[in-house]
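Participant: One structure, as C-alpha cells, below. Some questions next.
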Amino acid sequence: MNDRKLLKSIIAVLFLLAACTSKEVSPIVIERLDAEMINLKTRAEIQHFLDKNRNLKEIFFLSETDMPDSVLVDRIYQTVTNPAFQKFYNELNKNAGDLGEVKTQFAEAFSQVQKLYPDFKPPKVKTVISGLGHFSRDAAALSVSDSLIVISLDFYAGEKATFVPSVPNFLLKKYTLEALVPSIMSVLAEKFIVTNTEDKSLLNEMIIAAKKLEFTHEVMPETPDSLIIFYTEKQLKDAEEHKNVIWAHFVKEKLLYETNHFKKVKYIGDRPYTAEIGTDCPGAIGRWLGWQIVKKYLDENSEVTLSSLLSNPDSQNIFMKSKFKGE
Numbered sequence: 124m125n126d127r128k129l130l131k132s133i134i135a136v137l138f139l140l141a142a143c144t145s146k147e148v149s150p151i152v153i154e155r156l157d158a159e160m161i162n163l164k165t166r167a168e169i170q171h172f173l174d175k176n177r178n179l180k181e182i183f184f185l186s187e188t189d190m191p192d193s194v195l196v197d198r199i200y201q202t203v204t205n206p207a208f209q210k211f212y213n214e215l216n217k218n219a220g221d222l223g224e225v226k227t228q229f230a231e232a233f234s235q236v237q238k239l240y241p242d243f244k245p246p247k248v249k250t251v252i253s254g255l256g257h258f259s260r261d262a263a264a265l266s267v268s269d270s271l272i273v274i275s276l277d278f279y280a281g282e283k284a285t286f287v288p289s290v291p292n293f294l295l296k297k298y299t300l301e302a303l304v305p306s307i308m309s310v311l312a313e314k315f316i317v318t319n320t321e322d323k324s325l326l327n328e329m330i331i332a333a334k335k336l337e338f339t340h341e342v343m344p345e346t347p348d349s350l351i352i353f354y355t356e357k358q359l360k361d362a363e364e365h366k367n368v369i370w371a372h373f374v375k376e377k378l379l380y381e382t383n384h385f386k387k388v389k390y391i392g393d394r395p396y397t398a399e400i401g402t403d404c405p406g407a408i409g410r411w412l413g414w415q416i417v418k419k420y421l422d423e424n425s426e427v428t429l430s431s432l433l434s435n436p437d438s439q440n441i442f443m444k445s446k447f448k449g450e
C-alpha cells in the first residue's frame with residue numbers, strides 16, 4: 124500500500140470514529156415548490172406563485188427573459204392541470220417520498236466540502252416541476268449557483284417512469300434520484316477548479332473533467348464510481364480491463380494534444396460508445412481516462428490534497444507527475 128492509500132485509510136477510520144461522537148452534519152431542508160406547483164388550480168394562483176418566486180423565472184425557467192409572464196403562466200397551467208401529468212407526478216412523488224436519502228447525501232457531501240473549504244456555505248435547495256422542459260425551450264434539469272440549487276424533480280422520476288426526459292436512452296441513467304446529488308456535486312466542483320483558458324488541448328479538458336469526478340468521489344466516498352461517471356458496472360469493468368488498449372489508441376492517434384473541437388468531442392462528449400476504439404468502449408472515454416491520470420497523480424504525489432489538485436491549472440504538469448503510462 125502506498126503512502127497516499129495508507130493516509131486515506133487512516134483518515135477514513137478517523138472519520139468513522141468522529142462520526143460516532145459528533146453531530147456536525149447539519150440537516151438539509153429542501154423547499155418542495157413542486158408540491159405547491161402541482162396544486163395550483165388557476166392562472167391567478169400561478170401568477171401569484173411566480174410573483175412570490177421571481178428568481179425562478181430568471182435562473183431556472185431560463186433565458187427566455189423576454190417571455191411575458193402570461194406565456195409562462197399558460198405553460199404551467201397546461202401542465203399542472205393535465206390529468207396525465209398529475210398521474211405522473213403522483214407516481215414521482217410516491218417514488219421520491221420525502222427525499223430523505225437525497226437530504227442525507229446532501230448533508231454528508233456538504234459537510235465534506237466544508238472540511239476542504241471552511242468558508243463554504245451550502246446553497247439553499249429547492250425543487251420544482253418544469254413539465255420536463257415544457258415551460259421554456261432552455262429549461263434544464265438543474266440550476267446550481269453559490270447560493271441556490273434548483274432541481275426540476277420531474278426530470279428524476281427514473282428510467283421506467285411514465286414520462287422521461289427527451290434524451291437518448293443511454294443518457295437516462297443520469298436522470299434518477301440516485302444520480303441526482305452526484306450530478307450536483309460535479310457541477311459544484313466547478314466553483315473550486317482553476318483552469319487555464321489558453322490550453323485548448325484534449326488533455327486539459329480530460330483533466331478538468333477528471334477533477335470534477337474526483338471531487339465528487341471524495342465528497343461522496345460511499346457512492347459507486349458508476350454513479351459518478353454514469354457508466355454501468357460492466358462498462359467500468361470493461362474500461363479497466365482494456366485500459367492499455369484505450370491508452371494505446373490515445374498515444375497512436377496523438378490525442379492528448381489534439382485541439383480540434385470536433386475530434387475532442389468524440390472522446391469527451393456524451394455518446395453511447397466510443398466508435399473510434401470499439402462498440403464496447405464506453406462513451407466519453409476521455410473523461411474516464413483523465414480520471415485514471417488524476418488518480419495516478421494523487422497516488423504518486425501523496426502530499427497533494429484535493430484542494431491543491433483543483434487549484435492547479437497546469438494539466439500538463441499533472442500528467443507528467445502522474446507518470447501514467449496506461450498501466
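Per this note's numbering, the sequence shown starts with residue 124, numbered consecutively. Where is the CB? At the ideal position from N, CA and C, for every residue including glycine.
Report the residue ranges of all alpha helix (DSSP H) runs contained in full by the region 409-450; include only those spanning at least 4 residues, in chain order.
Facilitator: Correct list: 429-433, 438-445.
Participant: Counting Cβ pairs closer than 8 Å, one from the region 410-419 and one from the region 319-339, do we hit at least three?
Facilitator: Result yes; three or more Cβ-Cβ pairs closer than 8 Å.
Participant: So is proline 305 buried or exposed if we call it buried at 16+ other beta carbons inside 10 Å?
Facilitator: Within the sequence shown, residue 305 is the residue found at index 182, counting from 1. So proline 305 counts as buried.
Participant: If you measure between the beta carbons of lysine 249 and glutamate 154, is that distance less than 7 Å?
Facilitator: Counting from one through the sequence shown, the residue named residue 249 turns up at place 126. Counting from one through the sequence shown, the residue named residue 154 turns up at place 31. Yes, Cβ-Cβ distance for lysine 249 and glutamate 154 is below 7 Å.
Participant: Tell me where the beta strand (DSSP E) around valine 317 begins and ends.
Facilitator: Taking the first residue of the sequence shown as position 1, residue 317 is located at position 194. Looking at the DSSP string, valine 317 is not in any beta strand (DSSP E), and its letter there is neither H nor E.
Participant: Among Lys387, Ser445, Met343, which has the Cα closest to the Cα of phenylalanine 229?
Facilitator: Working through the sequence shown from its first residue, we reach residue 229 at position 106. When only C-alpha atoms are compared, the closest one is Met343.
Participant: For phenylalanine 447, I'd like the list of residues in its chain whose CB is within less than 6 Å of its CB, leaving aside the five on either flank, ordered along the chain.
Facilitator: On the sequence shown, residue 447 is found 324 positions in, with the first residue counted as 1. Closer than 6 Å at Cβ, skipping near neighbours: Ile416, Lys419.
Participant: With valine 267 as the anchor, note down where its beta strand (DSSP E) starts and where it stops.
Facilitator: Residue numbering aside, residue 267 sits at position 144 when the sequence shown is read from its first letter. It spans 265-267 - the beta strand (DSSP E) in which valine 267 sits, taken as one unbroken run.
Participant: Counting only beta-carbon atoms, is leucine 265 nearer than 7 Å to chain C?
Facilitator: Note that chain C does not occur in the displayed structure, where there is just one protein chain.
Participant: Between the Cα of alanine 207 and the Cα atoms of Ile161, Val251, Glu224, Gly392, which residue gives the shortest distance?
Facilitator: Along the sequence shown, read from residue 1 onward, the residue named residue 207 stands at position 84. Looking at the Cα atoms, Ile161 is the closest of the given residues.
Participant: Rounded to whole angstroms, what is the Cα-Cα separation between proline 395 and phenylalanine 293?
Facilitator: Indexing the sequence shown from 1 puts residue 395 at position 272. Indexing the sequence shown from 1 puts residue 293 at position 170. Those two C-alpha atoms are separated by around 6 Å.
Participant: Mind checking which residues open and close the alpha helix (DSSP H) that includes valine 236?
Facilitator: Numbered from its first residue, the sequence shown carries residue 236 at position 113. 223-239 is the extent of the alpha helix (DSSP H) around valine 236.
Participant: Rounded C-beta distance between serine 445 and glutamate 423? I'm assuming under 8 Å.
Facilitator: Counted from its first residue, the sequence shown places residue 445 at position 322. Counted from its first residue, the sequence shown places residue 423 at position 300. Correct: roughly 6 Å between the Cβ atoms.
Participant: I'd like to check one pair, leucine 311 with lysine 387: are the Cβ atoms closer than 7 Å?
Facilitator: As a position in the sequence shown, residue 387 is number 264, starting the count at 1. As a position in the sequence shown, residue 311 is number 188, starting the count at 1. Their beta carbons are not under 7 Å apart, which means lysine 387 does not touch leucine 311 by this criterion.
Participant: Which value, in whole angstroms, describes the spacing of the CA atoms of proline 246 and glutamate 313?
Facilitator: Residue numbering aside, residue 246 sits at position 123 when the sequence shown is read from its first letter. Residue numbering aside, residue 313 sits at position 190 when the sequence shown is read from its first letter. Rounded to the nearest angstrom, the two C-alpha atoms are 14 Å apart.
Participant: Please confirm whether tyrosine 298 and proline 288 have their CB atoms less than 7 Å apart.
Facilitator: Mapped onto the sequence shown, residue 298 falls at position 175. Mapped onto the sequence shown, residue 288 falls at position 165. For tyrosine 298 and proline 288, yes; Cβs fall inside 7 Å.
Participant: According to the neighbour-count rule (16 or more other Cβ atoms, all chains shown, within 10 Å of its Cβ), is glycine 406 buried or exposed?
Facilitator: Sequence index remark: in the sequence shown, residue 406 carries index 283 (1-based). It is buried - the Cβ of glycine 406 has at least 16 other Cβ atoms within 10 Å.
Participant: Starting from glutamate 337, follow the alpha helix (DSSP H) in both directions and report where the run begins and ends.
Facilitator: Translated into the one-based positions of the sequence shown, residue 337 becomes position 214. 325-342 is the extent of the alpha helix (DSSP H) around glutamate 337.
Participant: Out of Glu301, Ser430, Lys283, Gln235, state which residue places its alpha-carbon closest to the alpha-carbon of threonine 346.
Facilitator: Taking the sequence shown and counting its residues from 1, one reaches residue 346 at position 223. Nearest option by C-alpha distance: Glu301.
Participant: For alanine 280, which of Ile316, Glu450, Val374, Ala219 has the nearest alpha-carbon?
Facilitator: Here residue 280 corresponds to residue number 157 of the sequence shown, with the count starting at 1. Checking every option, the nearest Cα to that of alanine 280 belongs to Ala219.
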